[in-house]
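>
Numbering (my numbering), first residue to last: 100 to 539.
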């Protein structure tokens, strides 16, 4: 492994670039139906995300190996748990890539009616071809080498942040506080609206652990800590400010039907020509998140295969430290998922995919917090001392937050996730028997 491949600036771009992808450019429209209560959800979700980020950095210091949540759960609970977490995390990443591709291409709809779900010339099959095209394009970028993917990510992150900051600060002078008058526009209960909004906002925090995944290609746990914690805090502040400004500028009834709210805000502030540039930046922003997610998917497969929990062919690296087989398999599955999940209404397709990705990721995060709780208790003189140590506070809060978020999902989505997890058990028995000769 090349420890110089991913420097601190590149690691920060992985974290920020993975979280600030399509979410902030699309979510204001999805959150508009919950009104200003969604701003409270952003704050709550940001605090929970920071607790989870801190937990990941603690675990990375204990086990500075490539694989992130898989490595931590494998060390804490054994092979079966590690296998389930690896597959769950892998599947959540595949679903996320599909969601990112959909939201990225949606912003090109501002440029061409063929990709605008609200235009007469819209074609869902043309949209699908574009989605598949960008997924495979960044797969090939990652196949060139992990350092190349990192440099590309740094460049894309700078581009994606610029319009968010400009619109947010300039837009502060164009806010109409009357747009915040109705706290829940659709007259839902506060708890229902808050829970639903919080579930959607967490989609934008998927990827906070990105710096821990390729740990062996970094310069150490200190860089990973800085990138993870400071990247998460900076991203949270940008999210809250952006959502506040857009909700203040655009009435909720108009905002929730807009597939490209930032481009619309750009039109209000700078005219139609600037909106074109913002739409293009939003598209590039999605590409940045896509690039990181594709990098991560190969690293997870590689880490599990190295421990004989995936077929051994996926543990082979190219001369540029790329798990080629894992990358190709993952992208093929993403392509299949995009084809099977195609919907006439783009926003509906995005929301369904985003919620499934969030739930699977939350389950992975919850398992990871349990791993840290176990290590904290084990490292004390007795379990009783462990339960009352200061070190237990952050992972405990992260675990409670994860449980609360998981419980906010509807029954159908939870059943789908449980079904996917249960499928891991027979797969585990098959893989372990075939590749290690063990039965359990």
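Don't be surprised by glycine CBs; every beta carbon is placed ideally from N, CA and C.
Taking one C-beta from the segment 104-120 and one from the segment 264-275 each time, how about it: are there three or more such pairs within less than 8 angstroms?
They do not touch, by the three-pair rule.
> Would you give the residue range spanned by the alpha helix (DSSP H) that residue 174 belongs to?
That run of the alpha helix (DSSP H) goes 168-176.
> Do the CB positions of residue 299 and residue 129 come within less than 9 angstroms of each other?
Taking 9 angstroms as the Cβ cut-off, residue 299 and residue 129 qualify as a contacting pair.
> Would you tell me roughly how many angstroms separate the C-alpha atoms of residue 209 and residue 260, rounded to the nearest one?
Near 19 angstroms, if we compare the C-alpha coordinates of residue 260 and residue 209.
> Determine the direct distance from the alpha carbon of residue 364 to that of residue 352, and round the result to whole angstroms.
Cα-Cα distance, rounded: 15 angstroms.
> Looking at the secondary structure, which residues open and close the alpha helix (DSSP H) in which residue 241 lies?
Element bounds for residue 241: 223-243.
> Using the Cα positions of residue 443 and residue 372, report the straight-line distance between them to the nearest angstrom.
Because residue 443 sits at a pLDDT of 49, beneath the cut-off of 50, its placement in the model cannot be relied upon, and the following sentence gives the value as read from the coordinates. Residue 443 and residue 372: Cα-Cα distance of roughly 29 angstroms.
> Could you pull out every unbroken alpha helix (DSSP H) segment of at least 4 residues lying fully inside the segment 106-151, listed in chain order?
DSSP runs (the alpha helix (DSSP H)) wholly in the segment 106-151: 107-118 and 122-130.
> Would you identify the three-state DSSP class for residue 211, choosing helix, strand or coil?
Correct three-state label for residue 211: coil.
> Taking Cβ positions, are residue 310 and residue 322 nearer each other than 9 angstroms?
Yes.
> Measure from the alpha carbon of residue 336 to the alpha carbon of each residue in 112, 144 and 530, then state which is nearest.
When each option's Cα is compared against that of residue 336, the closest is 144.
> Report the CB separation of residue 302 from residue 456 in whole angstroms; it is logged as a contact under 8 angstroms.
With a Cβ gap of about 7 angstroms, residue 302 and residue 456 count as contacting.
> Can you give the Cα-Cα distance for residue 168 and residue 387, rounded to whole angstroms?
Roughly 22 angstroms separates the two Cα atoms.
> Using the C-alpha atoms, what's the distance from residue 137 back to residue 297?
If you take the alpha carbons of residue 297 and residue 137, they lie about 7 angstroms apart.
> Start and end of the alpha helix (DSSP H) containing residue 321?
320-348 is the span of the alpha helix (DSSP H), which, as asked, contains residue 321.
> Within 10 Å of its beta-carbon, does residue 186 have 16 or more other beta-carbons around it, so buried, or fewer, so exposed?
The residue in question, residue 186, is buried, as its Cβ has 16 or more Cβ neighbours within 10 Å.
> Answer yes or no: do residue 163 and residue 345 have a C-beta to C-beta separation smaller than 9 angstroms?
No, the Cβ-Cβ distance between residue 163 and residue 345 is not below 9 angstroms.
> Is residue 317 helix, strand or coil by DSSP?
It is a strand residue.
> Exposed or buried, which one is residue 370 when buried takes at least 16 other CB atoms within 10 Å?
Result: exposed.
> Taking the beta carbon of residue 177 as the centre, do at least 16 other beta carbons fall within 10 Å, making it buried, or is it exposed?
Label assigned to residue 177: exposed.
> For residue 516, which option in 206, 454 and 467 has the closest C-alpha, if you only look at C-alpha atoms?
Residue 516 has its Cα closest to that of 454, out of 206, 454 and 467.
> Report all residues from its chain with a CB closer than 7 angstroms to the CB of residue 304; omit the five preceding and five following residues, and keep chain order.
Cβ neighbours of residue 304 beyond the five flanking positions: 118, 144 and 148.
> Under the rule that 16 or more other beta-carbon atoms within 10 Å means buried, what is residue 478, buried or exposed?
Classification of residue 478: exposed, given that the 10 Å Cβ count is below 16.
> With burial defined as no fewer than 16 other Cβ atoms inside 10 Å of the residue's Cβ, what is the status of residue 509: buried or exposed?
Looking at its Cβ environment, which holds fewer than 16 other Cβ atoms inside 10 Å, residue 509 is exposed.
> With H, G and I counted as helix, E and B as strand and the rest as coil, what does DSSP make of residue 165?
Three-state result, residue 165: coil.
> Shortest alpha-carbon distance to residue 340 belongs to which of 124, 112, 106 and 105?
It is 124 whose Cα lies nearest to the Cα of residue 340.
> Below 9 angstroms between beta carbons: does that hold for residue 314 and residue 181?
Not closer than 9 angstroms, so no.
> Candidates 366, 159, 173 and 293: which alpha carbon is nearest residue 503's?
Measuring from the Cα of residue 503, the nearest candidate turns out to be 293.
> Hey, residue 262 and residue 380 are a contact pair by Cβ (cut 8 angstroms); roughly how many whole angstroms apart?
Residue 262 to residue 380, Cβ: 4 angstroms. Contact.
> Can we count residue 202 as close to the ligand ADP, meaning its CB is less than 8 angstroms from some heavy atom?
In the structure on display, the ligand ADP does not appear, and there are no ligands present to speak of.
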